[in-house]
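Working notes, structure below.
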Amino acid sequence: MLARWVHCLALSIAVLSVSEAGALPQFSLLTGNRCINCHVNVQGGGLRNDLGWYAMESVGILQYEDIGLGALRPVLSTNTFAGDQLTVGIDFRLQSSRSLRDTSPERRLFPMQGAFYAAYKPLDWLLVEGSYNLGRRVYAYAGQQSWSASIAVQPSLDYPQLRVGFFQPSIGYRFDDHTMLIRRIPAGSQEYLFAPNWAEWGAELNYYRFEWLTATLGVSSLSSLAGATLTDATGAERPLLGEPSKPAILGRLLLSPRLFRERLTLNIGSSTLQQGDFSLWNVFGGIGYADVASVIFETMQQTTPGVRTITATSAELMIHLAEPVYLYARAEHGETATGSNSLRQEQYLIGAQIFVLPFVELRPEYRIIDLPLYRLNRWTVQLHVFY
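Going by the numbering used here, the sequence shown wraps up at 381, each residue one higher than the last.
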């Protein structure tokens, strides 16, 4: 059994498919900007708009001129084209990690993500956006997709935005770390509850007229999770969704006031996803002092009545050490209860985001994973090139 757990954990952390094309809500707390200010998506993640691009355009320990690559500067001068109607972006990640499958493995370098984004705005009130991820076409986890696309209609900021298409439902925060327990099944099999690049057909109304309020109400198919299963108290597997063709209802509310001459940003929010006997609730929030530090948390509970209950909480402190350097520490607790049986898992992580050049990030991390039968620790280094 121990070997099986180690094998599953190795697959989940060193997954060779694409990783989550997510955002950094921590940066939202540090800057006071909402996700929609820097991203095309209201919840953040994926394609950066012109402000999101500009915010990182000169952030780096070194500039390209310092290493003799000043000729790249005109090429990297903008991410909008065709009279600002077309916006493009990329996310590429490579990771160096030791496997968890045996006691003395060699360190390997492998691709984590290769994502291309584009958005076209032919009219002031109409936006068409999409993404495509390189990687395996047959994914190991239910819900993973190689693409997403949507159409957003919004007459003006005074009105809600209607978004329709194939995209990830708006729940909780949109983090860029797929190992977090708030999107997984803690302990046991270590499988995903919501895999990286999960996408569904759906429609959402997003209202963000006021700077301190973001509200979402929508309906979503969960057909991408049709192949997902869970294990009941007897050890038998059953489908995660009793009626996978039945639509789900979702709602998300985020309050984000700025205080003390807009130096302090608060977040408090909640979201829910309900479909038949599948119930998910998330509560999330944080506090950030501009350009200094932030504390962020999220807790989730997913319940299948009489079968299984999953709870998980994540809390992270981030310190803005210098313009191109961020340090962070995270603690997580998760528990999976089936009948009278309960398995728990803790994870602890310290890491840094170091922007060595504009749009080039190094992310070293050291993590401890504590499960009922064993404890493991590993350090990883990720190279992230984005635009």
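Heads up, the beta-carbon is just placed ideally off N, CA and C, and yes, glycines get one too.
Given a cut-off of 9 Å on the beta-carbon distance, is the pair residue i and residue j in contact?
{"i": "GLU326", "j": "ALA346", "result": "no"}
{"i": "SER142", "j": "SER164", "result": "no"}
{"i": "GLY236", "j": "TRP192", "result": "no"}
{"i": "PHE75", "j": "ALA109", "result": "no"}
{"i": "ASN73", "j": "ASP44", "result": "yes"}
{"i": "ILE348", "j": "GLU355", "result": "yes"}
{"i": "SER288", "j": "LEU315", "result": "no"}
{"i": "LEU244", "j": "VAL277", "result": "no"}
{"i": "LEU156", "j": "ALA220", "result": "no"}
{"i": "GLY159", "j": "TRP195", "result": "yes"}
With respect to the alpha helix (DSSP H) encompassing residue i, which residues constitute its N-terminal and C-terminal limits?
{"i": "PRO19", "result": "19 to 25"}
{"i": "ASP44", "result": "44 to 50"}
{"i": "ASN31", "result": "29 to 32"}
Between the alpha carbons of residue i and residue j, how many angstroms are there, rounded?
{"i": "ASN335", "j": "ILE55", "result": "50 Å"}
{"i": "VAL301", "j": "ALA227", "result": "7 Å"}
{"i": "ARG361", "j": "LEU321", "result": "14 Å"}
{"i": "LEU103", "j": "GLU292", "result": "31 Å"}
{"i": "GLY39", "j": "GLY166", "result": "12 Å"}
{"i": "SER22", "j": "LEU80", "result": "24 Å"}
{"i": "TRP275", "j": "MET174", "result": "16 Å"}
{"i": "LEU224", "j": "LEU211", "result": "28 Å"}
{"i": "TYR342", "j": "ILE30", "result": "30 Å"}
{"i": "LEU88", "j": "GLU185", "result": "22 Å"}
{"i": "LEU10", "j": "ARG372", "result": "Caution is warranted here: a pLDDT of 33 is assigned to LEU10, below 50, making its placement in the model unreliable, and the coordinate value is therefore given only provisionally. Whole-angstrom Cα-Cα distance: 17 Å."}
{"i": "ALA209", "j": "LEU367", "result": "42 Å"}
{"i": "ILE262", "j": "GLU100", "result": "43 Å"}
{"i": "GLU359", "j": "TYR153", "result": "42 Å"}
{"i": "THR374", "j": "ILE363", "result": "13 Å"}
{"i": "GLN20", "j": "GLN162", "result": "20 Å"}
{"i": "TYR48", "j": "ARG168", "result": "21 Å"}
{"i": "SER265", "j": "ASP170", "result": "18 Å"}
{"i": "ASN35", "j": "ARG203", "result": "15 Å"}
{"i": "GLY16", "j": "ARG324", "result": "Bear in mind that a pLDDT of 47 at GLY16, under 50, signals an unreliable position, so the model cannot answer this."}
{"i": "PRO233", "j": "ALA113", "result": "36 Å"}
{"i": "GLY279", "j": "PRO238", "result": "31 Å"}
Could you check if residue i belongs to the surroundings of the ligand ATP, using beta carbon to heavy atom distance under 8 Å?
{"i": "ARG177", "result": "The model on display carries no ligand, and the ligand ATP is accordingly not part of it."}
Starting from residue i, trace the beta strand (DSSP E) in both directions and tell me its first and last residue.
{"i": "TRP141", "result": "141 to 147"}
{"i": "GLY332", "result": "Rather than Gly, the amino acid found at residue 332 in this sequence is Thr. Residues 319 to 332."}
{"i": "ILE348", "result": "335 to 351"}
{"i": "PHE169", "result": "Premise fails: PHE169 is in no beta strand (DSSP E) and is neither H nor E."}
{"i": "GLN394", "result": "There is no way to answer for residue 394, as the model of the chain reaches only from -5 to 381."}
{"i": "ASN276", "result": "272 to 283"}
{"i": "ASN127", "result": "120 to 127"}
{"i": "ASN371", "result": "369 to 380"}
So residue i packs on residue j, CB below 8 Å; how close in whole Å?
{"i": "GLY77", "j": "ALA181", "result": "GLY77 to ALA181, Cβ: 53 Å. No contact."}
{"i": "GLU123", "j": "SER91", "result": "Contact doesn't hold; Cβ gap of about 32 Å is too wide."}
{"i": "LEU444", "j": "ALA309", "result": "Absent from the model: residue 444. The displayed extent of the chain is -5 to 381, so no value can be given."}
{"i": "GLY83", "j": "TYR381", "result": "5 Å"}
{"i": "LEU249", "j": "LEU199", "result": "Wrong, their Cβ atoms sit about 18 Å apart, outside the cutoff."}
{"i": "GLN268", "j": "LEU187", "result": "Going by Cβ atoms, the distance from GLN268 to LEU187 rounds to 15 Å, so no, they are not a contact pair."}
{"i": "THR259", "j": "GLY26", "result": "5 Å"}
{"i": "PRO352", "j": "MET50", "result": "6 Å"}
Please give me, in chain order, every unbroken run of the beta strand (DSSP E) with length at least 3 that falls completely inside the stretch 188 to 258. 194 to 201, 207 to 214, 223 to 225, 231 to 233, 242 to 249
Note down, one range per segment and in chain order, each beta strand (DSSP E) of at least 3 residues found wholly within the stretch 280 to 313. 287 to 298
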